Amino acid sequence: MGMNLPSSRGRGRRAPVADINVTPLVDVMLVLLIIFMVTAPLLTAGVPVNLPDSRAKALDQDARPVQLSIDAAGQLFLDDAPVTEAALPERLERLAASKAGGEPPQVFLRADRALDYGRVMRVMGELNRAGINRVSLLTVEGSGAGGTAAR
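For the record, in the sequence shown the residue sitting at position 6 is 1324 according to our numbering, with numbers rising by one throughout.
Shown next as structure tokens:
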């Protein structure tokens, strides 16, 4: 009894193989999934700031807010872009004017815990003067110094 192999059909013609090998596709998709899982948390961190601790719960957010950060050296960052203290009022006024609908933008203020209280208050005064009054002060969740989740 002879076997019916694709190479033995007809006058030497080969029948087309209708199988699709999906193993390489699955391998590539798993590698891409791992790459995105590793890089996604790295994209959320901007300026390294040592936030203070708080027991407050996180707020629900509809739109992506603007982040204003002050690092331990007192350098200002507006959405990861460095801003001088002299240029901050103009940038905040442009930011307040650029939002449609008349509603001021939501601002997350991230200030390092080692900063002077007066320095943070000067920045908050500039926010208020520009008409931006929806400001959230970010902290680290937890009552001790070992908190890890940024809020």
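Don't be surprised by glycine CBs; every beta carbon is placed ideally from N, CA and C.
These figures come from a predicted structure and were not determined experimentally.
Please list the terminal residues of the continuous alpha helix (DSSP H) segment that includes residue 1441. In the DSSP assignment, residue 1441 falls within the unbroken alpha helix (DSSP H) covering 1435-1447.
Suppose you measure from the CA of residue 1423 to the CA of residue 1403; what does that come to, to the nearest Å? Straight-line Cα distance between these residues: approximately 20 Å.
Chain-order list of residues whose beta-carbon lies under 8 Å from that of residue 1349 (same chain, five-residue window excluded): Hits under 8 Å: none found.
Give the secondary structure of residue 1345 by DSSP, where H, G and I count as helix, E and B as strand, and everything else as coil. Secondary structure of residue 1345 (DSSP, three-state): helix.
Beta bridge counterpart(s) of residue 1371 as assigned by DSSP: Its beta-bridge partners are 1458.
Going by alpha carbons, who is nearest to residue 1367 out of 1433, 1440, 1383, 1448? The residue with the shortest Cα to Cα distance from residue 1367 is 1433.
In whole angstroms, what is the alpha-carbon distance linking residue 1406 and residue 1444? For residue 1406 and residue 1444, the distance between alpha carbons rounds to 8 Å.
Nearest neighbour of residue 1449, chosen from 1339, 1416, 1352, 1333 [CA to CA]: For the residues 1339, 1416, 1352, 1333, the minimum Cα distance to residue 1449 belongs to 1416.
So, are the CB atoms of residue 1390 and residue 1430 less than 8 Å apart? Judged by their CB atoms, residue 1390 and residue 1430 are nearer to each other than the 8 Å cut-off.
Mapping DSSP to helix, strand and coil, what is residue 1340? In the structure shown, residue 1340 sits in coil (DSSP, three-state: anything other than H, G, I, E or B).
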